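Heads up: the sequence lines are chains A, B, C and D, in that order.
Here UniProt numbering is used: position 83 in the first sequence is 83, and no number is missing along the way.
Here UniProt numbering is used: position 5 in the second sequence is 5, and no number is missing along the way.
Here UniProt numbering is used: position 208 in the third sequence is 208, and no number is missing along the way.
Here UniProt numbering is used: position 109 in the fourth sequence is 109, and no number is missing along the way.
We treat Cβ as the ideally placed atom computed from N, Cα and C, and that holds for glycine.
Because the structure is a prediction, the values reported are computed rather than measured.
Protein chains: 4
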Amino acid sequence: MLEELKKRVYEANMLLPKYGLVTFTWGNVSEIDRESGCFAIKPSGVEYELLKPEDMVIVDLNGKVVEGNYKPSSDTATHIELYRAFPTIGGVVHTHSSWATSWAQAGREIPCYGTTHADYLYGAIPCVRNLTEEELKDYERNTGILIAEEFMKNDYKAMPAVLCKNHGPFTWGKDGFEAVHNAVVLEEVAKMAARCELINSQVTPAPQELLDKHYYRKHGANAYYGQ
Amino acid sequence: MLEELKKRVYEANMLLPKYGLVTFTWGNVSEIDRESGCFAIKPSGVEYELLKPEDMVIVDLNGKVVEGNYKPSSDTATHIELYRAFPTIGGVVHTHSSWATSWAQAGREIPCYGTTHADYLYGAIPCVRNLTEEELKDYERNTGILIAEEFMKNDYKAMPAVLCKNHGPFTWGKDGFEAVHNAVVLEEVAKMAARCELINSQVTPAPQELLDKHYYRKHGANAYYGQ
Amino acid sequence: MLEELKKRVYEANMLLPKYGLVTFTWGNVSEIDRESGCFAIKPSGVEYELLKPEDMVIVDLNGKVVEGNYKPSSDTATHIELYRAFPTIGGVVHTHSSWATSWAQAGREIPCYGTTHADYLYGAIPCVRNLTEEELKDYERNTGILIAEEFMKNDYKAMPAVLCKNHGPFTWGKDGFEAVHNAVVLEEVAKMAARCELINSQVTPAPQELLDKHYYRKHGANAYYGQ
Amino acid sequence: MLEELKKRVYEANMLLPKYGLVTFTWGNVSEIDRESGCFAIKPSGVEYELLKPEDMVIVDLNGKVVEGNYKPSSDTATHIELYRAFPTIGGVVHTHSSWATSWAQAGREIPCYGTTHADYLYGAIPCVRNLTEEELKDYERNTGILIAEEFMKNDYKAMPAVLCKNHGPFTWGKDGFEAVHNAVVLEEVAKMAARCELINSQVTPAPQELLDKHYYRKHGANAYYGQ
């Protein structure tokens, strides 16, 4: 069964270069098997061009490597905290994709300026604060805890994305592929929001009723988009 | 005959990813057969990589699905209103192309800054207002009605493009291919207009006589561009 | 001999899509055979994907089509004026390349901000004024005459590029390939100049002595760049 | 042995077009063999599409061509000064990559706005002043000397990149491939820093403790990134 998981996670990882979300090794995807409590994740610092399905590393929710010839991604502890805090998610993605990272570096949440954003992400995409010097001692784990805290006042199912100040984005979804899908949406939305502000420096977020209309076209009991 | 229409609409849809106008399934093309009063349109939410000619859905101008294994695009009702209001058009395109959508999000019409714009689009490209909460109840249909209203004071033949505030663009043409062509032009014009304003924040639209010269090089009785 | 010219001009035209300088048919290259006084140019409005060497049109300096199955580019009269005014050039290019056209739409000359610019183009790249309504009656020809006038106070050999306000760029060179090369340089220089001003709104042109150093590394008796 | 060096330098040079860092011949990579005191470098002005391993030129640290059918890169004297001043480096890269060159033209150092930057480059990326008219007489050599002077107050191992005002970037590394790697990082970081300032004109550099955390995840005795 975990061979299948490794293959899926390999394929989800390979979508990151396909969609132009990574330079070199600056990104990683994981997917969890909730029954066994184990997840597969990209090995740390291995080039995408050389990656193979069998290189994926199996880790449990205590951070123990269960199987694999490589060290797991250095961001593994962040993935673990997200799997713990968000019980219904099955996949997590981290990238340094260019536009989302530019917003993270700017330290701003991304306002919802239109329906492309509203179709997938309900409201402004939050940007969490820097870690304190004390928190930096356990950097990757505390990054995950900080994100989890943010989502005590936000709905992780309706907002499957976050920016970490001066760092970059994390996204999630029901599995690794949906988490990648959300990473692509985030990058496109981040790009259009920045350009939108250039075109109209006085722009305000889209009306709430339009955002609701679009979000609920695709989500919930009355969704009617797709097959 | 409608097999031929499906094939054409499939091919026109496949031009959207070719020209970089869509991410995932965020766009659709339709083309109408005016004799039968039916049009073919992309199915809702089906990935471009998996799309086949036989997947196109045939719909009549009352919105009834005449033939097809899938639900038609969720924007079908907008296409219908445009076919009803604009009697000489044969094709309609909707995308979330990046630059045109950024202008739509900014809520601004695109001024005509040069001949690239004037060659195809006569005057500023309009941006229609948000729908009211009441209008949102029949969202896609009222989007089409709002566009049609805008073109009571504008010539849909000379201006085959519109932006919907906080949403994105629609374009049209004598058939599906020309509608796609206009979607490509719109995106390029939107990009250059935004950059032009960055380079010169005091820029004003191009002189009317230059715009007339270029528009009528390509359109009307005295056109002399092309073969 | 003119078969060879057609082939060269075909190949030079095909470099425009290769270098991303054209959308659809928005560009054209010509090259002249000074002995016969004839030049080959792209036919008007024919798609690059369908173009063949034998489609090139041979025109003389009076604008008479000497050979060809198609009408020549609608910009032919501009090419003629440039060949007449600039006796040592052998090729001319017109495009609507995105960044150069954005500067043309902004109505600004492109200041020389660095050595990439100085390596090929000596000084600021001029932007000529709009034609008057009277001049627009013979639009393409008067565009060429206006450019030629500009270069009575500028050296066409040291500055093989010009912007036409609210329109786009023309470049030239010793043959069609060099004219295309200069069109690529212009687009790259236009892009970097715009971004440079975004990064530093107070930026001033590069020092004259640095520009001289770079220009004369590549041009004139003491050039030492290349083989 | 030097055949192997030529092959490596050829391959490192070919990465520049692969990563989109060069237009035409606007870039060069060298790598040194410290034992023999010779380095291989790209020939001057030869197109990347035509380049072969045997075209690389072998030069010693006095600038004498030891082997090769071509003249070495016109920037050879700069490479020599860097190899002399920075004893532990093995490779040098020069490009006119678009974003890094835009910062160089703007005459600004690139502030460290995030972890993508901090992972590879410790602190702000310096921008050295213009050469004086006197210094321009020995342009390429004095460019190298000026860079070396800058790094008397900066650590060339922790900051393997520099911008030359109104010109462009140089990067270096333990070999030619690492120098290219750093050139790619620099371009990405330059792009995101410019966009970050557009998104937030009041942005300040990332906190020092976060930068230290990221830099030392990848460098030094306690590094834990990668295998």
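Between the region 157-173 of chain B and the region 95-110 of chain B there are three or more C-beta pairs closer than 8 angstroms, enough to call the two in contact.
Sorting D:121, D:216, D:105, D:90 by C-alpha distance to the C-alpha of residue 12 of chain D places D:90 at the top.
Taking C-beta separations shorter than 8 angstroms and ignoring five residues to either side along the sequence, the partners of residue 223 of chain C in its chain run 216, 217, following chain order. Distance between residue 21 of chain C and residue 95 of chain C, taken at the CA atoms: about 7 angstroms. Against chain D, a Cβ distance below 9 angstroms from residue 200 of chain C picks out 103, 105, 106, 107, 108. Sequence-distant Cβ neighbours of residue 75 of chain C in its own chain, meaning closer than 7 angstroms and more than five residues away, are 28, 94, 140. Nearest in C-alpha terms to residue 59 of chain C, of all of C:46, C:226, C:73, is C:73. The three-state reading of DSSP puts residue 161 of chain A in strand, counting E and B together. Checking the DSSP bridge columns, you'll see residue 60 of chain A partnered with A:38. With fewer than 16 other beta carbons inside 10 angstroms of its own, residue 87 of chain C counts as exposed. The DSSP-derived three-state label of residue 171 of chain A is strand.
An exposed status is given to residue 208 of chain D, since fewer than 16 other beta-carbon atoms sit within 10 Å of its beta-carbon. The residue among C:175, C:200, C:195, C:202 with its C-alpha nearest the C-alpha of residue 10 of chain C is C:175. By alpha-carbon distance to residue 158 of chain D, the top candidate from D:120, D:34, D:5 is D:120. Contact check between the region 39-56 of chain A and the region 116-135 of chain A: fewer than three CB pairs, one atom from each, fall below 8 angstroms, which does not count as touching. Going by C-alpha positions, residue 57 of chain A is about 20 angstroms away from residue 178 of chain A.
With contacts defined by Cβ atoms closer than 7 angstroms, residue 165 of chain D and residue 107 of chain D form a contacting pair. Burial is judged here by how many other beta carbons sit within 10 angstroms of a residue's own beta carbon; residue 144 of chain D has at least 16 and is buried.
For residue 31 of chain D, the enclosing beta strand (DSSP E) stretches over residues 27-33.
Excluding five sequence positions before and after residue 31 of chain C, the CB atoms of its chain that fall closer than 7 angstroms to its own CB belong to 5, 8, 9, 12, 39, 40, 90, 91, 175, 176, given in chain order. Distance from the CA atom of residue 203 of chain D to the CA atom of residue 128 of chain A, rounded to whole angstroms, is 15 angstroms. Short of 6 angstroms from the beta carbon of residue 78 of chain C, and not among the five residues preceding or following it, lie these beta carbons of its own chain, in chain order: 140, 143, 144. As computed with DSSP, residue 127 of chain B is found in a beta bridge with B:163. In this structure, residue 123 of chain B sits away from residue 105 of chain C, with a CB-CB distance that is not shorter than 7 angstroms. Any Cβ of chain D closer than 7 angstroms to the Cβ of residue 68 of chain A would place that residue at the interface, and such an atom is absent. Contact check for residue 194 of chain B against residue 199 of chain A passes: the beta carbons are separated by less than 7 angstroms. For residue 91 of chain D, the pairing in a beta bridge is given by DSSP as D:31, D:173.
In the DSSP assignment, residue 54 of chain C falls outside any beta strand (DSSP E), carrying neither H nor E.
Residue 67 of chain D: member of the beta strand (DSSP E) spanning 65-67, first to last residue. Interface residue (Cβ-Cβ distance to chain C less than 7 angstroms): residue 8 of chain B is not classified as such.
Annotated three-state conformation of residue 111 of chain B is coil, per DSSP. Boundaries of the alpha helix (DSSP H) around residue 79 of chain A: 76-85.
Contacts with chain C at 7 angstroms (Cβ-Cβ) do not include residue 171 of chain D. By the 16-neighbour rule on beta-carbons within 10 angstroms, residue 35 of chain B is exposed. Comparing C-alpha distances from residue 187 of chain A to each of A:24, A:19, A:14, A:221 shows the shortest one belongs to A:19.
The three-state reading of DSSP puts residue 17 of chain A in helix, counting H, G and I together.
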